[in-house]
Amino acid sequence: MSRKYTFTLLVFVLWIVGIYFITSLLGGDLPNTISKISLRHFFTGYLFYICAVIAGVWVLYRSLICVRLKPRVFVVARAWIFGSFLDNIVPTITPAGEASMAYFLNKFYNISYTKSLAAIGLYVSAWGISATIFSALALLIINYSISIPSTLIAISAFIVVLFALLTIGWLLLITKKDLVEKIVCKIVFFYNKVYNKFKKRKITYDICVFRSEFDKSYSSLELVLRNKVHIFVSVIAFFIPQLCHALTLYSILLGFGIQLPFLAVLFVHIIASVSGLLAFIPSGLGVYEASSAGILTQIFSVDGNIAIASVFLYRLVFVWTTNLVGGFVGLKHGVK
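Count along the sequence shown from 1, add 14, and you get the number used in the numbering used here.
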């Protein structure tokens, strides 16, 4: 089994053990608390997860169509789940997981890597714009709808602004062809050098081939960036996964008998998820759990045991279902 799969399983076990011991140190009993949840509400959360997956796959599929590729939907779904799995085991804010989707489509289904990469560049851009707009709008609505300490609102706004600046930086970057070429060239050169060392091989890095492939990919990207309608639709479509994340956590809390306003749960999710992204930790592991459980407990007076159990189940649904299914897809296709 490849190291990435072994590493993922190890992290999964350590994550469960870590949360169990933290709950125990706080005087709680995680298994006993989890056993009290309404299964109906838990599985409702899974339905929201499925809706989020469908939305993500649909946006990726439309992006591929925009670069004149015609992959089958189930092929795109496999690439999406595998790429999302890798996205969760590297710093999530990096485009590594998305780039692996293009690799997957090319290696196993002979779909143009350069065009796929361009489509996925659009996919990432739409996601960044959508997450920024959604978070900003949600904070504005929340600020006028429910009572939250002004200090926390200010911190939340600062976090969202940081994420917005990163998104703007990404958008400015992809419009500068020469700069992008230099950055990607250095990354590919470094990867090739490291890979040669570990695999003890002697494969020459051909700059001419790289530039030829880069030009093809960037030409496809320029084509899709002109399609303003597709960008707008993709940005709006990405609102669906954002809502589904919050609805899953909301449903799980309801399963424990906790009736918070949906906007309160949405606030918790936005702050925890953006903080996790900015932490440059794979899937925000630890950051999301600590910040969301902390806000639920300290600001919304949710019992600590229930807060931790709710966040644990939410992450089990949204992060670890993707990781385990994506890892299985990778193993089945022989990705090392």
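Yeah, the Cβ is synthetic: ideal placement off N, Cα and C, and Gly gets one too.
Selected residue, minimal CA-CA separation from residue i, among the options
i	options	result
LEU263	GLU236, GLU303 and VAL349	GLU303
SER273	ALA251, LEU310 and CYS258	Reading the sequence as shown, one finds Gln at residue 273 and not Ser. Minimum Cα distance to GLN273 is reached at LEU310.
VAL138	LEU239, VAL343, SER233 and LEU345	LEU239
THR165	VAL339, LEU330, GLU195 and ILE313	ILE313
LEU235	LEU187, SER289, ARG86 and SER306	LEU187
ALA140	ASN120, TRP184, ALA116 and PHE99	TRP184
VAL349	MET115, GLY271 and PHE62	MET115
ALA150	PRO163, LYS191, ALA168 and LEU136	ALA168
TRP29	ALA69, ILE103, ASN46 and ILE64	ILE103
ALA251	GLY142, SER126 and THR335	GLY142
LYS242	ILE295, LYS230 and LEU136	LEU136
Check whether residue i and residue j have beta carbons under 8 Å apart
i	j	result
ALA66	ILE284	no
ASN319	GLY111	no
SER297	VAL325	no
VAL89	LEU74	no
GLY2	THR22	Outside the shown range of the chain (15 to 350) lies residue 2, about which nothing can therefore be said.
LEU44	TYR34	yes
PHE270	ILE51	yes
ALA12	LEU119	Since the first residue of the chain shown is 15 and the last is 350, residue 12 is not available in this structure.
SER144	VAL249	yes
GLY290	PHE99	no
Per DSSP, cross-strand counterpart(s) of residue i
i	result
PRO296	PRO105
Residue i CB to nearest heavy atom of the ligand GTP below 7 Å
i	result
ILE320	For the ligand GTP, the structure offers nothing, since it holds no ligand at all.
Environment of residue i [buried if 16+ CB atoms lie within 10 Å]
i	result
ILE266	buried
TYR158	exposed
ASP101	buried
PHE172	exposed
ILE155	exposed
LYS129	buried
PRO163	exposed
LEU179	exposed
ASN46	exposed
PRO85	buried
VAL31	exposed
THR329	Strictly speaking, residue 329 in this sequence is Arg, with Thr absent from that position. Classification for ARG329: buried.
PHE294	exposed
ARG54	exposed
ASN337	buried
Endpoints, alpha helix (DSSP H) assigned at residue i
i	result
VAL247	242 to 251
ASN124	Per DSSP, ASN124 belongs to no alpha helix (DSSP H) and is neither H nor E.
TRP334	No alpha helix (DSSP H) holds TRP334; DSSP gives it neither H nor E.
LEU186	164 to 188
PRO45	44 to 48
PHE392	Summary: the structure shown does not reach residue 392, with the chain confined to residues 15 through 350, and so no result is reported for it.
ARG329	318 to 329
PHE270	Element bounds for PHE270: n/a, residue is neither H nor E.
ILE33	17 to 39
LEU310	301 to 312
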